[in-house]
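Numbering (my numbering), first residue to last: 2 to 130.
Note that beta-carbon positions come from the ideal geometry of N, C-alpha and C, so glycine has one too.
From a predicted model like this one, the values you see are computed outputs, not experimental measurements.
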Ligand code: THU
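Here it is, written out as structure tokens:
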């Protein structure tokens, strides 16, 4: 867990957040043991901004590595930054019960995605097995 947090901390410098100045980094670990990092990437057309978690998960999935086990969200802030609703849904696509680690300057909180996103809308509703 600590190693994954360290990876996110290192990635934080790459956050592209000139509009909010709110830097977020993520690190993902898959079942294979591989790790992927991501940062928030903002856009002058604000709505196109991508969160750090979705960047990290997309990097894993695009490498064919879909079994997301753990997602770290790291901010160098006094308060924790829980993943936004869109990111919860995005992670749930690959693991309803992903281990979510929220790490910040002063602490670490570990939660299960099923507790952050109860009654999730899933592919099963569309006939996916
Ligand atoms: N942000 C993330 O990267 N992840 C989250 O879960 C919450 C929000 C980013 C998006 C935007 O660049 C900045 O934080 C402020 O909302």
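By the criterion of a C-beta distance shorter than 8 Å, residue 91 is surrounded in its chain by 54, 55 and 58, once the five residues flanking it on both sides are discounted.
Three or more Cβ pairs drawn from the segment 5-15 and the segment 66-77 lie within less than 8 Å of each other, which places the two stretches in contact. For residue 70, the uninterrupted beta strand (DSSP E) run begins and ends at 69-76, by DSSP. If you check the C-beta of residue 74 against ligand 1, you find a heavy atom less than 8 Å away. Residue pairing for residue 111: DSSP places it in a beta bridge opposite 102. Within 10 angstroms of the beta-carbon of residue 19 lie fewer than 16 other beta-carbons, which makes it exposed. In this structure, the beta-carbon distance from residue 28 to residue 51 does not fall below 9 Å.
Only residues of its own chain outside the window of five on either side were considered, and among them 99, 114, 118, 121 and 123 have a CB closer than 8 Å to the CB of residue 93, listed in chain order.
Put simply, of 40, 32, 86 and 104 the residue whose alpha carbon is nearest the alpha carbon of residue 69 is 32. In this structure, the straight-line span from the alpha carbon of residue 79 to that of residue 63 is close to 33 Å. DSSP places residue 28 in the uninterrupted beta strand (DSSP E) bounded by 26-31.
Assignment of beta-bridge partners to residue 62 by DSSP yields no partner. Taking the C-beta atoms as reference points, residue 60 is found no nearer than 9 Å to residue 82.
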